[in-house]
Amino acid sequence: MSNTTKRIIAAIVMATAAVGIAVLQHFGFSAVRWAGVAIVFAMIVEYILCLKRADRDTVKSSKIVFGGFLAWLCLMLVAIYFVGARPWIVLLLLLIICSADIGAWFFGRLIGGDKMWERMSAGKTWSGQIAGILCGTFAGIMYGLLGADTFMPQLMWIGISVSLLSQYGDITASWIKRKLGIKDFGTILPGHGGVLDRFDGWIYALPIVWLVML
245 MSNTTKRIIA
255 AIVMATAAVG
265 IAVLQHFGFS
275 AVRWAGVAIV
285 FAMIVEYILC
295 LKRADRDTVK
305 SSKIVFGGFL
315 AWLCLMLVAI
325 YFVGARPWIV
335 LLLLLIICSA
345 DIGAWFFGRL
355 IGGDKMWERM
365 SAGKTWSGQI
375 AGILCGTFAG
385 IMYGLLGADT
395 FMPQLMWIGI
405 SVSLLSQYGD
415 ITASWIKRKL
425 GIKDFGTILP
435 GHGGVLDRFD
445 GWIYALPIVW
455 LVML
């Protein structure tokens, strides 16, 4: 089975799970909150397992970095618990992050150009970042237009901010993987890497949105 086929199958499974969560939420269950908590908890466990498998000298040499990242993931667990109480915010975050991720990947490959920080993440280009911001912002604006039949200027700024934060979360995760000397955090999602690989766009966006809510 090719890597592309695996990615498609994994994407279908994730989409099906998302529909199931939406249905449960519709019938009064706090499915969004607890699904989010489960995802972030899985990210923490996956990262700890990576640290245990990594070379001891590598971990000791950058223990402040690796420890700080673990502490930040734990902060994300608190953040998703509170943000998850407002499912529409989680949906907006997912919509913007997914759109920014797809836009950055597609147009980055299509246009190419100068790399952003090749030492941190070899595949990221400035063209991809700009395209990702535009796609994420468009998704945020459409969320308002389709949901409330009105243009909401604040969603434009939310789209720009979350798109940027999601991309820097992706870069941070890539940097951590480089320091650990691994390609993926896990193999739970064939073709997509691990849970942390797939949801790295939450790394900064989720805690900062929670802080703004406070």
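In the working numbering, the protein residues as written are 245 to 458. A virtual CB, placed ideally from N, CA and C, is assigned to each residue, including glycine.
(Q) 8 Å is my cut-off, CB to CB: does I452 come that close to chain B? (A) No chain B appears in this structure, which consists of one protein chain only.
**Q.** G394 in three-state terms, based on DSSP
**A.** As a first step, residue 394 must be located in the sequence shown, where it is residue number 150. Position check: residue 394 holds Thr in this sequence, whereas Gly was assumed. T394 sits in coil when the DSSP states are folded into three classes, being neither helix nor strand.
Q: Under 8 Å Cβ to Cβ from G425, same chain only, skipping five residues before and after it: list those, please.
A: Counting from one through the sequence shown, the residue named residue 425 turns up at place 181. If we look at G425 and ignore the five residues flanking it on each side, its Cβ neighbours are A298, D299 and T302.
Q. Rounded to the nearest angstrom, how far is the Cβ of A344 from that of S407, given a contact under 8 Å?
A. Locating residue 344 in the sequence shown gives position 100, counting from the first residue. Locating residue 407 in the sequence shown gives position 163, counting from the first residue. Indeed, because the Cβ distance is near 4 Å, the residues count as touching under 8 Å.
Q. Taking I452 as the reference, which of G438, L389, S371 and S410 has the closest Cα?
A. Position 208 of the sequence shown, counted from the first residue, corresponds to residue 452. Here the closest residue by C-alpha is S410.
Q. Looking only at its own chain, which residues have a Cβ that is under 7 Å from the Cβ of T310, when we skip the five neighbours before and after it?
A. Walking along the sequence shown from the start, residue 310 turns up at place 66. As written in the sequence, residue 310 is Phe, which differs from the Thr given in the question. Excluding sequence neighbours, F310 sits near L295 and V303.
Q. Taking all protein chains shown into account, do 16 or more other C-beta atoms lie within 10 angstroms of the C-beta of D414, making it buried, or fewer, making it exposed?
A. Reading the sequence shown from its first residue, position 170 is the one you call residue 414. With 16 or more Cβ atoms within 10 Å of its Cβ, D414 is classed as buried.
**Q.** Buried or exposed (CB count within 10 angstroms, at least 16 for buried), K277
**A.** Along the sequence shown, one-based indexing puts residue 277 at 33. Residue identity differs from the one stated: residue 277 is Arg in this sequence, not Lys. Buried, because 16 or more other Cβ atoms sit within 10 Å of the Cβ of R277.
Q. Going along the chain, which residues of its own chain have a beta-carbon closer than 7 Å to the beta-carbon of I283, five neighbours each way excluded?
A. In the sequence shown, residue 283 corresponds to position 39, counting from 1. Taken in chain order, the residues that qualify are V439 and F443.
Q. Taking just the CA atoms, how far does G280 sit from I377?
A. Stepping through the sequence shown from its first residue, residue 377 is reached at position 133. Stepping through the sequence shown from its first residue, residue 280 is reached at position 36. C-alpha separation (whole angstroms): 24 Å.
Q: Note down, one range per segment and in chain order, each alpha helix (DSSP H) of at least 4 residues found wholly within the stretch 394-442.
A: Qualifying alpha helix (DSSP H) stretches, in chain order: 397-424 and 439-442.
Q: Give me the Cα-Cα distance between A383 and V263, rounded to the nearest whole angstrom.
A: Translated into the one-based positions of the sequence shown, residue 383 becomes position 139. Translated into the one-based positions of the sequence shown, residue 263 becomes position 19. Their Cα atoms are separated by approximately 19 Å.
Q: Kindly indicate which three-state DSSP category K359 falls into: helix, strand or coil?
A: Within the sequence shown, the letter at position 115 stands for residue 359. Strand.
Q: Counting only the same chain and skipping the five closest in sequence on each side, list residues whose C-beta sits under 7 Å from that of W454.
A: One-based indexing of the sequence shown puts residue 454 at position 210. Around W454: A323, F326 and V327.
Q) What does DSSP give as the partner residues of T302 in its beta bridges? A) Translated into the one-based positions of the sequence shown, residue 302 becomes position 58. Answer is none; T302 lacks a bridge partner.
Q. For A449, does the count of other Cβ atoms within 10 angstroms reach 16, so buried, or fall short, so exposed?
A. Taking the sequence shown and counting its residues from 1, the one referred to as residue 449 is at position 205. Classification for A449: buried.
Q.
Please classify V334 as buried or exposed, where buried requires at least 16 other C-beta atoms within 10 Å of its C-beta.
A. Counted from its first residue, the sequence shown places residue 334 at position 90. Buried, since its Cβ has 16 or more Cβ neighbours within 10 Å.
Q: Quick one: give me the first and last residue of the alpha helix (DSSP H) that A329 is part of.
A: Stepping through the sequence shown from its first residue, residue 329 is reached at position 85. That residue, A329, is in no alpha helix (DSSP H); it is neither H nor E in DSSP.
Q: Measuring alpha carbon to alpha carbon, tell me which of C342, W316, I308 and L389 ends up nearest G445.
A: Residue numbering aside, residue 445 sits at position 201 when the sequence shown is read from its first letter. Checking every option, the nearest Cα to that of G445 belongs to C342.
Q. What are the start and end residues of the alpha helix (DSSP H) that includes G280?
A. Residue 280 sits at position 36 when you count from the first residue of the sequence shown. For G280, the enclosing alpha helix (DSSP H) stretches over residues A275 to R297.
Q: Evaluate C379 with the Cβ neighbour count: other Cβ atoms within 10 Å of its Cβ, from every protein chain shown; 16 or more gives buried, anything less gives exposed.
A: The count along the sequence shown starts at 1 and reaches residue 379 at position 135. C379 sits buried, since 16 or more C-beta atoms from the chains shown fall within 10 Å of its C-beta.
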